[in-house]
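Undergrad: One structure coming up, written as structure tokens, with questions to follow.
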Amino acid sequence: MDDEPAALNALVRAAECMNLQCQTAVNAEQALAILEKTLTPVVVTDLRMPGLGGVWLVREIRKRWPKVAVIVLTALHEMDAMTQCLDAGAHQYFLKPINFNEFHHALQAALTSQRQKQEQERRHGVLEQCLRRQHTRLRRTYLAAINSLVRLLEARDPYTCGHSLRVCTYAARLAAKLGLADTEQAHVQLAAKLHDIGKVALPESILNKPGPLSPEEFLPVRKHPVIAERILAPTLRKRAVLAAIRGHHERWDGLGYPDNLRGGNIPLAARMLAVADCFDALTSHRAYRAAMCFGDAVAVLRKEAGTKLDPELVPVFIDLIENETEPCLLLRR
Ligand SMILES: [Fe+2]
Ligand SMILES: [Fe+2]
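Written out as structure tokens, the structure is:
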């Protein structure tokens, strides 16, 4: 770009000698219009021109097309403006009158640098794609390992078969109904699936005892949320999921375990798990008692709202299960 036609022609000739395609402009607006329409690796511009000056143009190009190289042409007395151009991101400057050999060299260097940048970007893109694929693969492997752990736990305790999956479904419904963000919903679901994983550490004699547990037998059971957290913490970096698992046996009145948290101090996801967990336990057969019918289980939930369970979550949960249509959950009604 140059507002002097003779200078413009000389630049075009120099570029065409290098087999480069050129478009010319006589002011900044025209130059920007060309850049908007045409993919341009290098802009050569005069510094002093009518209207918006060269410094403005360099800034505008940097802002809108950061990858375009800019070479500025200037007279000796404009060195202050030249410094501003370099500060604004111009790649190189040339004092007029131009030495065409040097100009060729500068154009070549600018183009080579552009190609290198493009190649770098292409490699970066390929690398990013590879990393994304690896991440997806790792995540799948991780989730498969988690599912195996859950199956292992449930295989040892036939009375809780399917428990984790049902708690996961209830918790997912509750999270959606409460309008939680997608990531929070995913965290609640993962926590629900894994909430009892700490029971793998319990002996079979306690896990399948056909009767209520004695206080001594109950001691190791009380540790299962903390054990779950310890098992998962090295691989599961999401604090919210670990906190929900650790807190799923906390009680609204502060009499739960392991931390005796109370009311709103218990993480929301843990309070949600507690409601879903409680309902599924009530409606499931145990070695020492038969499953409760839907109406009785709902009555227990209502009774425990405000003591064991979050009083605001219970009515939302009851409303949800009363309108449940999922076949495997309908059986619980
Ligand atoms: Fe549990
Ligand atoms: Fe549970």
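By the numbering used here, the letter at position 31 of the sequence shown is numbered 103, and the numbering carries on one by one without gaps.
Virtual Cβ for every residue (Gly too), placed ideally from N, Cα, C.
The structure presented is a predicted model; accordingly, all values stated were derived computationally and were not measured.
Do residue 364 and residue 490 have their beta-carbon atoms positioned less than 7 Å apart in this structure?
TA: Nothing in the structure corresponds to residue 490, since the chain is present only between 73 and 405.
Undergrad: In chain order, what residues place their C-beta within less than 5 Å of a heavy atom belonging to ligand 2?
TA: Counting every residue whose Cβ lies closer than 5 Å to a heavy atom of ligand 2, we get 268, 349.
Undergrad: In whole angstroms, give me the CA-to-CA distance for residue 269 and residue 344.
TA: Looking at the two C-alpha atoms, the distance is approximately 17 Å.
Undergrad: So, are the CB atoms of residue 182 and residue 163 less than 7 Å apart?
TA: It is a contact, given that the beta carbons lie within the stated cut-off.
Undergrad: Tell me whether the beta-carbon of residue 121 lies closer than 7 Å to the beta-carbon of residue 75.
TA: Cβ atoms of residue 121 and residue 75: closer than 7 Å.
Undergrad: State the DSSP-derived secondary structure class of residue 190, mapped to helix, strand or coil.
TA: Residue 190 falls in the helix class under three-state DSSP.
Undergrad: How far does the alpha helix (DSSP H) with residue 165 in it extend, from its first residue to its last?
TA: Per DSSP, residue 165 belongs to no alpha helix (DSSP H); it is in the beta strand (DSSP E), 164-167.
Undergrad: Expressed to the nearest angstrom, what Euclidean distance is found between the alpha-carbon atoms of residue 361 and residue 346?
TA: Each residue's Cα considered, the two are about 20 Å apart.
Undergrad: Between residue 324 and residue 383, which are expected to be in contact by the criterion C-beta below 8 Å, what is the C-beta distance as a whole number of angstroms?
TA: Their Cβ separation, rounded to whole angstroms, is 7 Å, which keeps residue 324 and residue 383 in contact under 8 Å.
Undergrad: Please report the residue range of the alpha helix (DSSP H) in which residue 143 lies.
TA: First-last for residue 143: 141-146, but that is the beta strand (DSSP E), not the alpha helix (DSSP H).
Undergrad: Sort 356, 266, 283 by Cα distance to residue 314 and report the nearest one.
TA: Minimum Cα distance to residue 314 is reached at 266.
Undergrad: If you follow the alpha helix (DSSP H) that residue 117 is part of, which residue opens it and which one closes it?
TA: First-last for residue 117: 114-118, but that is the beta strand (DSSP E), not the alpha helix (DSSP H).
Undergrad: If contacts are defined as beta-carbon pairs under 8 Å, then residue 87 and residue 215 qualify, I think. What distance do you get, rounded to the angstrom?
TA: No, residue 87 and residue 215 are not in contact; Cβ-Cβ is about 57 Å, not under 8 Å.
Undergrad: Can the beta-carbon of residue 292 be found less than 7 Å from the beta-carbon of residue 274?
TA: Yes; because the gap between Cβ atoms is below 7 Å, this pair is in contact.
Undergrad: Span of the alpha helix (DSSP H) holding residue 333?
TA: Neither: residue 333 is in no alpha helix (DSSP H) and is coded neither H nor E.
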